[in-house]
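Numbering (this note's numbering), first residue to last: 613 to 765.
All residues carry an ideal CB built from backbone N, CA and C; glycine is no exception.
What follows is one structure encoded as structure tokens, with my remarks underneath.
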Amino acid sequence: MKMGTLCYVEKDNRYLMLHRTKKENDMHKGLWVGLGGKFEAGESPEECVIREVYEESGLRVENPKLRGVLTFPAFDMHDDWYVFLFHATEFSGTVKPCQEGELAWIDKNDLAQLPMHKGDYHFIKKLDEPCGVFTAKFLYENGAYKSHTITVH
Numbered sequence: 613m614k615m616g617t618l619c620y621v622e623k624d625n626r627y628l629m630l631h632r633t634k635k636e637n638d639m640h641k642g643l644w645v646g647l648g649g650k651f652e653a654g655e656s657p658e659e660c661v662i663r664e665v666y667e668e669s670g671l672r673v674e675n676p677k678l679r680g681v682l683t684f685p686a687f688d689m690h691d692d693w694y695v696f697l698f699h700a701t702e703f704s705g706t707v708k709p710c711q712e713g714e715l716a717w718i719d720k721n722d723l724a725q726l727p728m729h730k731g732d733y734h735f736i737k738k739l740d741e742p743c744g745v746f747t748a749k750f751l752y753e754n755g756a757y758k759s760h761t762i763t764v765h
């Protein structure tokens, strides 16, 4: 089992997105993703997401809002992934180059045209809905999206 965080940092109706192009053996290579990564020992979800966003972008998010908990059974064909999904509109700093790819502010209306994991299109839409926290399960087989369920709490 792997645990991680994912954050969609928003400014002026745009999300800061990462185009994964630089990392070797990357299951996200060539795709656009939000910012985030794996937990370090002893971290809370909030500590992890704040650290990961800073490491990847140079931005210091404040008061990230937990929006969902995502489950990806055997996503990498080995481990189940559990991901805490955050949305952040409060931050400071300046975007710096990222070692994993190129960062860009993408208009939310243009996200559907980006190459992303197919399941991502479903949970990103939830970020704009006035719902509470949701849970979701996304099934992939050999890297191909199969189905998903979302439960709003």
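- Taking the CA atoms as reference points, Leu678 sits about 7 angstroms from Phe696.
- For His690, there is no enclosing alpha helix (DSSP H), as DSSP marks it with neither H nor E.
- Contact between the region 654-664 and the region 685-695 is not established, with fewer than three Cβ pairs separated by less than 8 angstroms.
- Put simply, of Gly648, Phe698, Gly646, Thr706 the residue whose alpha carbon is nearest the alpha carbon of Val745 is Phe698.
- If you draw a straight line from the Cα of Leu723 to the Cα of Ala716, it is about 12 angstroms long.
- Considered as a whole, the region 633-721 harbours 657-669 as its complete alpha helix (DSSP H) runs of no fewer than 4 residues, in chain order.
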